[in-house]
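Visitor: Residue numbers (our numbering), protein chains in the order written: chain E, 72 to 572; chain Y, 6 to 171; chain W, 69 to 405. For every residue, glycine included, the Cβ atom is placed at its ideal position computed from N, Cα and C. In this text, all values refer to a predicted model and were calculated from it rather than measured experimentally. Take this structure first; my questions come after.
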Amino acid sequence: MFDNFVNLWHGFAVAGDPFNILLMVVGILLGVIIGVLPGLGGANGVAILLPLTFSMSPTSAIILLSCIYWGALFGGAITSVLFNIPGEPWSVATTFDGHPMARQGKAGEALTAAFTSSFVGAFVAILMITLVAPLVAAFALRFGPAEKFAVYFLAFCSFVGMSKEPPAKTIVSMMIGFALAAVGLDMVTGQLRLTFGSEELLNGFDFLIAVIGLFGIGEILLTMEEGLEFRGKSAKIDAKVVLRTWASLPRYWATSIRSCIIGCWMGITPAGATPASFMAYGIAKRVSKNGKNFGNGEIEGVVAPETAAHAAGTSALLPMLALGVPGSPTAAVLLGGLLIWGLQPGPMLFVEQKDFVWGLIASMYLGNVVGLIVVLTTVPLFAAILRIPFSIIAPVILVICAIGAYTVNNNVFDVVMMLVFGVLGYVLKKTNYPLAPLVLAIVLGDSAEEAFRQSLLASGGSIGIFWSNPLVSTIMGLGLVAALYPMISNLLSRLRSPQPA
Amino acid sequence: MSETSHGTGTGPTQRNAEIGVALLTLLFGLIVVYGSYLVGFGWGADGPQAGFFPFYVGIAICVCSLINLAQGLRENPADLFAEWSQLRQVLKVLVPTTIYCLMVEPLGIYLPSILLIAVFMKWLGKYSWPLTAAIAIGVPAAFYLVFEKWFLIPLPKGPVEALLGL
Amino acid sequence: MKNFHALGLGTLTALGLAAMSILPAAAEWKPTKPVEFIVPAGTGGGADQMARTLQGIIAKHELMPTQLIVINKSGGAGGEGFLDVKNSKANPHKIVITLSNLFTTPLATGIPFNWKDMTPVAMLALDEFVLWVNAQDPYKTAQEYEAAIKAAPDGTFKMGGTGSKQEDQIITVAIEKALGKKMTYIPYKGGGEVAVQLVGGHVNSTVNNPIEAVSQWRGDKVRPLCVFDGKQLPYTDKILGDLSWSSIPTCKSAGLDVEYVMLRGIFMPPGVSEEQVAYFVDLFKKVRETPEWQQLMKDGAFNQTFMAGPEFKDWLTKAEATHKGLMQEAGFIAAAN
Chain E
72 MFDNFVNLWH
82 GFAVAGDPFN
92 ILLMVVGILL
102 GVIIGVLPGL
112 GGANGVAILL
122 PLTFSMSPTS
132 AIILLSCIYW
142 GALFGGAITS
152 VLFNIPGEPW
162 SVATTFDGHP
172 MARQGKAGEA
182 LTAAFTSSFV
192 GAFVAILMIT
202 LVAPLVAAFA
212 LRFGPAEKFA
222 VYFLAFCSFV
232 GMSKEPPAKT
242 IVSMMIGFAL
252 AAVGLDMVTG
262 QLRLTFGSEE
272 LLNGFDFLIA
282 VIGLFGIGEI
292 LLTMEEGLEF
302 RGKSAKIDAK
312 VVLRTWASLP
322 RYWATSIRSC
332 IIGCWMGITP
342 AGATPASFMA
352 YGIAKRVSKN
362 GKNFGNGEIE
372 GVVAPETAAH
382 AAGTSALLPM
392 LALGVPGSPT
402 AAVLLGGLLI
412 WGLQPGPMLF
422 VEQKDFVWGL
432 IASMYLGNVV
442 GLIVVLTTVP
452 LFAAILRIPF
462 SIIAPVILVI
472 CAIGAYTVNN
482 NVFDVVMMLV
492 FGVLGYVLKK
502 TNYPLAPLVL
512 AIVLGDSAEE
522 AFRQSLLASG
532 GSIGIFWSNP
542 LVSTIMGLGL
552 VAALYPMISN
562 LLSRLRSPQP
572 A
Chain Y
6 MSETSHGTGT
16 GPTQRNAEIG
26 VALLTLLFGL
36 IVVYGSYLVG
46 FGWGADGPQA
56 GFFPFYVGIA
66 ICVCSLINLA
76 QGLRENPADL
86 FAEWSQLRQV
96 LKVLVPTTIY
106 CLMVEPLGIY
116 LPSILLIAVF
126 MKWLGKYSWP
136 LTAAIAIGVP
146 AAFYLVFEKW
156 FLIPLPKGPV
166 EALLGL
Chain W
69 MKNFHALGLG
79 TLTALGLAAM
89 SILPAAAEWK
99 PTKPVEFIVP
109 AGTGGGADQM
119 ARTLQGIIAK
129 HELMPTQLIV
139 INKSGGAGGE
149 GFLDVKNSKA
159 NPHKIVITLS
169 NLFTTPLATG
179 IPFNWKDMTP
189 VAMLALDEFV
199 LWVNAQDPYK
209 TAQEYEAAIK
219 AAPDGTFKMG
229 GTGSKQEDQI
239 ITVAIEKALG
249 KKMTYIPYKG
259 GGEVAVQLVG
269 GHVNSTVNNP
279 IEAVSQWRGD
289 KVRPLCVFDG
299 KQLPYTDKIL
309 GDLSWSSIPT
319 CKSAGLDVEY
329 VMLRGIFMPP
339 GVSEEQVAYF
349 VDLFKKVRET
359 PEWQQLMKDG
369 AFNQTFMAGP
379 EFKDWLTKAE
389 ATHKGLMQEA
399 GFIAAAN
């Protein structure tokens, strides 16, 4: 343990080099741009810049690349809040309350809350990596397919079940998501399904295309219906907004801690940042006393998913370093980078490449501090975008959406799909179908099904595998509790209050 | 979409919209069931087959669509989905956007983007030509620099770009 | 959508023709705009890593006048990427890196393409496969593991691998045939994940590529039993204790008569000219001489066979026949074929 601190101190000396600090600022700015542009994800950004870093020292290179990663995590929140378009999958949950806040003229508050929560989440995750890395790595190894399925199950249960919409509509919405997720190649049997011989459908429906359409285009159509006016309007933005928001944030400490735990856990297992953000949002909605107001611009609804997403995104780097298994697509690309620089990620990295590992961990601390400062200074700039008249900003958003949809798979067909999703999003929203379950199902449907079937392959078809050890049973149990929670709380409140005559 | 089919004077009714959506989801459910049937939806020797999950997902969609259909029929026929004037506003965006999306395949992304921004600014915003031209050309040009030059991501291009040698 | 496609194709062909007519008549062809490097697999996998390393090497040593841009098209087990190349007739600014899905995807999914629909450029290397078990398991040699599989009922031993009806499962089926016992094959998305599942004890063995499992080996978490190649690996750098890649016996010598190597090759769209192919063959010859490439080969214990021209075509013809045979026996051919 003490060794770790000595190493970390040494790491700070490496990462604190002025050249490396400069790389951090550059990396964060690039990352924010990547995060803002939908479709151009962190994985893309890192992959594209990877070859440019070959001439740097591995430590400088990984600092640049990981800062792009932090920047993308920060940046994903910006378009979610301003335009209801999640730049990254994990910022979908941020739109639920972040965008309503922007519409009420509180874009500055929402962005400050999002950035600050991101920072808190990441910071806690880095602390965890510093203190308990080997322990946590061992924990991650216990997650086989059955445990992974249990985690997805829990994510679903904690998010779904308390929507205001009619149950049949919620189910239809979620099942459409599952069906869309199933299109394309079935990983377990290697068969194509639901493609009906179409070459365009080989890729299936990417989550980002659905989200850009349902949320982004759908939102523009709704705005048009309500008259030609962009609803955000000019909110006064200055440094005071940041300070005022900061003053209000400590109130949500319980949500923050809970989201940090969820995020770290999801990042390590590795289920990833997206389920973490949904799960944190869902649980906060249930537990918080403001829960009823979630979805109408509650700041806590921004804090919860952002904290969890960033905690997960950061802790996803741990299994990569310690086990050589990436916790996210971006981590997968970073992993490739490590190999190219002649560093073998895995159990021996912490022993053989101390300088590198602790330099990286130190750069995580510094990078996030630098990142927070950089993004907070951009808050007024981004909030000012809302003052641009709708007839200018709307076509620009449409173009950004189209480019985003295209870059996901480099496929023009996806641009048309995005439009279809946009119309769908408008009509479904008008007819009271909830969109969140659909999105969640597209994101997790495939992975959940895959884990389920891998488990059954291993158990020879026996469902008992989901109750076969304490770990998986506990997670499944938690999931069931979360699913039945509405009923339980309903029952409890009915028992407590006297029956009306 | 369904909401344009049966109007009641000032706009399509919520009832018709609900029924239309329920029928659409029902159709979607049936397609999913059929697609799953094609790849096999049984429980093979080594766990579920490729179509197992989609099959039951499709069934669930169909069942719930029928419930929604029944509920849609019970909606108050007087409630409006939206007024015609509102829908016209929506179409003002939807029609140019649809044309835009369809033009990307043959013409690439840049030219349609210039046209889309210009149409919006001129037609809906009534801005002057110089400003319209500046933004309509400036924004796609900025995207060209960011994506193609900076991040090395080729975006779709058409014959015009080929002539310019981009 | 068909109409758009036809339109797109038309413009592409027109583009190609325009490009051809602009070109000077000089014998030596050079790319005049960025070259797209299609990876028919997801980001972070083995093919993607190799493509991005190539991109880095070519940029660093300035081996090409324009840029090389890596694009992932992984849909339909890589079918999407291959179809893209197949449909980009006579476009010299597009190359694709292949893995075994060049042969397996059309057979397993019925997606309509074949290596003959593209122009073979060169074989860069061959990727090896090694049989791995968890280091805590008692099996020290391939023979001991084989005996354990034979002694247990069908399906007791679990083999983890990447994807379904692809190289890992083909090897598994071949092992099953050699031993006369069934194993339970569990597909995962990526090679790194497979290696970790082995370390975590969720599967009994894997046939990971060397580069996917080497770090776990260095950490003494997994143990290599044998390599599925005709000869032992040449790399003698120490990895764990006194062991190196060269100390792993071949599976054949351990009584398991299975051989399999995976192509890492480069293809171009159909209809490109000889000079254009020659340019890229020459380019990759230069790449092979760089220290970065040598390092990658050593790290991943690759088989460094290089082929181009008719020799490469012969190899492809044979490999295709082998895959067809293996997949037919395993019952992996799609019903549509």
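1) Kindly list the residues whose CB is nearer than 7 Å to the CB of W/Y253, restricted to its own chain and excluding five residues on each side of it in sequence; keep chain order.
2) Along the stretch 244-264 of chain E, where does the CB come closer than 9 Å to a CB of chain W? Name the residues.
3) So, helix, strand or coil for Y/I72, using DSSP?
4) For the stretch 453-466 of chain E, which residues have a beta carbon sitting closer than 9 Å to at least one beta carbon of chain Y?
5) Less than 7 Å between C-beta atoms, sequence neighbours within five positions excluded: which residues of the same chain meet that for W/F171?
6) For the stretch 403-428 of chain E, list every residue whose C-beta sits within 7 Å of some C-beta in chain W, in sequence order.
7) For E/G261, count neighbouring Cβ atoms within 10 angstroms of its own Cβ and tell me buried if that reaches 16, exposed if not.
8) Do E/I464 and E/M172 come within 8 Å of each other at the CB atom, strictly closer than that value?
9) Can you have a look at W/Q123 and say buried or exposed, based on whether 16 or more other CB atoms are within 10 angstroms of its CB?
10) Please compile the residues from chain Y whose C-beta is within a distance smaller than 9 Å of the C-beta of W/Q135.
11) Name, in chain order, the residues that DSSP records as bridge partners for W/N140.
12) Name the chain Y residues whose beta carbon is nearer than 7 Å to that of W/P206?
13) Assuming W/T166 and W/L331 are in contact, meaning their beta carbons sit under 8 Å apart, how far apart are those beta carbons, in whole angstroms?
14) Return yes when the Cβ of W/L199 is within less than 8 Å of the Cβ of W/V275, no when it is not.
15) For the structure I just gave you, are there three or more beta carbon pairs, one from the stretch 278-292 of chain E and one from the stretch 464-475 of chain E, closer than 8 Å?
16) Measuring from the CB of W/L384, is there a heavy atom of the ligand ZN at a distance below 7 Å?
17) Cα separation between E/I536 and E/V543?
18) For a contact defined as C-beta to C-beta under 9 Å, what are the partners of E/P237 on chain Y?
19) When DSSP builds the beta bridges, which residues end up paired with W/Y256?
20) With C-beta atoms as the reference, is E/G169 less than 8 Å away from E/A181?
21) Quick check on DSSP: helix, strand or coil for W/G269?
22) Enumerate, from N- to C-terminal direction, the unbroken beta strand (DSSP E) stretches of 3 or more residues contained entirely within the stretch 243-270 of chain E.
23) Count the other CB atoms within 10 Å of the CB of Y/I104; is the residue buried (16 or more) or exposed (fewer)?
24) Does the Cβ of Y/L78 have 16 or more other Cβ atoms within 10 Å, making it buried, or fewer, making it exposed?
25) Within the same chain, show all residues whose beta-carbon is closer than 6 Å to that of E/I133, passing over the 5 residues directly before and after it, in chain order.
26) How long is the line joining the alpha carbons of E/E128 and E/T502, rounded to whole angstroms?
27) Determine whether the beta carbon atoms of Y/L160 and E/Y497 lie at a separation below 8 Å.
28) Quick check on this structure: which residue in E/L121, E/Y323 and E/W336 has the alpha carbon closest to the alpha carbon of E/A196?
29) Using 8 Å as the threshold, is the stretch 414-421 of chain E in touch with the stretch 384-396 of chain E, meaning 3 or more CB pairs across them?
30) Would you verify that the beta carbon of W/V164 is, or is not, closer than 8 Å to some beta carbon of chain E?
31) Taking the beta strand (DSSP E) that E/L414 falls in, what are its first and last residues?
32) Check each candidate in W/I126, W/W383 and W/L131 and name the one with the smallest Cα separation from W/A190.
33) With 8 Å as the C-beta to C-beta threshold (strictly closer), list the residues of the stretch 77-100 of chain E near chain Y in chain order.
34) Under the rule that 16 or more other beta-carbon atoms within 10 Å means buried, what is Y/Y42, buried or exposed?
35) Enumerated in chain order, which unbroken segments of the alpha helix (DSSP H) with a length of 4 residues or greater are wholly contained in the stretch 192-242 of chain W?
36) Run through chain E and tell me which residues come within less than 8 Å of W/V267, C-beta to C-beta.
Guide: Concretely, from the data shown:
1) M227, G229, Q237 and T240
2) G255, L256, D257, M258, V259, T260, G261, Q262 and L263
3) helix
4) P460, F461, S462, I463, A465 and P466
5) A387, E388 and H391
6) A403, V404, L406, G407, L410, I411, G413, Q415, P416, G417, P418 and M419
7) buried
8) no
9) buried
10) L157
11) W/V107
12) The premise fails here: W/P206 is roughly 27 Å from chain Y at the closest Cβ pair, so nothing lies under 7 Å.
13) 6 Å
14) yes
15) yes
16) This structure does not include the ligand ZN; it has no bound ligands of any sort.
17) 8 Å
18) I72, N73 and Q76
19) W/T230
20) yes
21) coil
22) 255-257 and 262-264
23) exposed
24) exposed
25) L431
26) Reading off the sequence, residue 128 of chain E comes out as Ser, not Glu. Computed Cα separation, rounded: 56 Å.
27) no
28) E/W336
29) yes
30) no
31) Here E/L414 belongs to no beta strand (DSSP E), and DSSP marks it neither H nor E.
32) W/W383
33) none
34) exposed
35) 210-219
36) L212 and L394
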